Ligand code: DAH
């Protein structure tokens, strides 16, 4: 039996010294010292040996077990040291190398770029920029904007209600009221921001962006509105654009108009047999809603200097997504929110 123990020792020592990694070492530990290994079995079976063999066998087996445990611990330390060394060598950074080429700069998201472009146009026309809360009261979002109590936009199917009196604003128009409460006329203001509606499909997302416009003064007319929007349309869609106003309805403007811009697609840029995808061959593209501020709206802020008998104004509201998509031929609204860099890289 002591013969066999000596053999085991030689075999195990050779294997442990040659182990190349800590995983292999652990396997060897199990193979030679684990619960089912031969050496521990010999130790457990000492009592079954003839009495005169018990002493020498037990002693030899114990010695070998201790020797192997020591060897494993020693090899394990060696290996750990080696692995650390290797890791350090792999991770070495040569700080004397020249700097990497400069990282490419990011770019503005198409929506941000479009918002800023529109803002710049109106800043140039003498408007200021204001922002307002996205969580808004029903009073500002609907009541003070002259929405009848039964107006369909108030429907819980269309509007996110926080409580009975608080909504996620469905448009940027409530800032018209807040702005007039904050400052007497004259007022020339645009209000960009996020708005929310319970809609979700190829052409609607629950959250999107608008830019509101409001001009209030003593002598503002529909001609001012048209001139302002013509300047806007030409700045954004090209200097030979025209605009036209079509009668429409909004609760807070009277009269209300929808505004079209003349199609900006070069009509030789698509096959003659195909309809123009921008204007459907009508020659006009709807870009926003607007109108003259309804005197009823002024009556909500009369105490702040907005006497409906003395002042008038125009207002407009446009979707930033819509302007960006029209201008750049973006076929699906959701591309603006997927944030696939292959799409984003094409702009800015
Ligand atoms: N608030 C309207 C909407 O979200 C857009 C709008 C229309 C704003 C006419 C205006 C306006 O200021 O005069 O659909």
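In UniProt numbering, the protein residues as written are 1 to 348. Virtual Cβ for every residue (Gly too), placed ideally from N, Cα, C. These numbers come from a predicted model, not from an experiment.
request  = Determine the DSSP secondary structure at residue 297, reduced to helix, strand or coil.
outcome  = Here residue 297 is taken as the residue at index 297 of the chain shown, counted from 1. Residue state, collapsed to three classes: helix.
inquiry  = According to DSSP, residue 316 sits in a beta bridge with which residue or residues?
reply    = Numbered from its first residue, the chain shown carries residue 316 at position 316. Paired residues: 213, 290.
key: Cα-Cα separation between residue 106 and residue 207, rounded to whole angstroms   = Here residue 106 refers to the residue found at position 106 when the chain shown is read from its first residue. Here residue 207 refers to the residue found at position 207 when the chain shown is read from its first residue. Computed Cα separation, rounded: 24 Å.
inquiry  = Is the separation between the beta-carbon of residue 110 and that of residue 336 shorter than 8 Å?
reply    = By one-based count along the chain shown, residue 110 stands at place 110. By one-based count along the chain shown, residue 336 stands at place 336. Cβ distance < 8 Å, so residue 110 and residue 336 count as in contact.
inquiry  = Do residue 216 and residue 297 count as a contact pair if the criterion is CB distance below 8 Å?
reply    = The sequence position of residue 297 within the chain shown is 297, counting from 1. The sequence position of residue 216 within the chain shown is 216, counting from 1. Contact flag unset, no.
ask   = For residue 324, is the classification buried or exposed, using 16 other Cβ atoms within 10 angstroms of its Cβ as the cut-off for buried?
value = Mapped onto the chain shown, residue 324 falls at position 324. Classification of residue 324: buried, given that the 10 Å Cβ count is 16 or more.
ask   = Whole beta strand (DSSP E) runs in the region 22-59 with 3 or more residues, listed along the chain?
value = none
request  = Let me know the beta strand (DSSP E) ranges lying completely inside the region 136-214, each 3 residues or longer, listed in chain order.
outcome  = 161-163, 166-168, 187-196
task = Kindly examine ligand 1 and report whether one of its heavy atoms sits closer than 7 Å to the Cβ of residue 312.
result = For the purposes of this step, residue 312 is taken as the residue at position 312 of the chain shown. No.
task = Please confirm whether residue 224 and residue 243 have their CB atoms less than 8 Å apart.
result = Within the chain shown, residue 224 is the residue found at index 224, counting from 1. Within the chain shown, residue 243 is the residue found at index 243, counting from 1. No, the pair does not count as a contact, with Cβ atoms beyond the cut-off.
query = Which runs of the beta strand (DSSP E) fall wholly inside the region 222-265 and span at least 3 residues, in chain order?
reply = 243-250, 253-262
query = When we look at the beta-carbon of residue 174 and count the other beta-carbons within 10 Å, is it buried (16 or more) or exposed?
reply = Position 174 of the chain shown holds residue 174. By the neighbour-count rule (16 or more Cβ atoms within 10 Å), residue 174 is buried.
task = Tell me whether residue 288 is buried or exposed, calling it buried when 16 or more other Cβ atoms sit within 10 Å of its Cβ.
result = Counting from one through the chain shown, the residue named residue 288 turns up at place 288. Looking at its Cβ environment, which holds 16 or more other Cβ atoms inside 10 Å, residue 288 is buried.
query = Which of helix, strand or coil does DSSP assign to residue 72?
reply = For the purposes of this step, residue 72 is taken as the residue at position 72 of the chain shown. Residue state, collapsed to three classes: helix.
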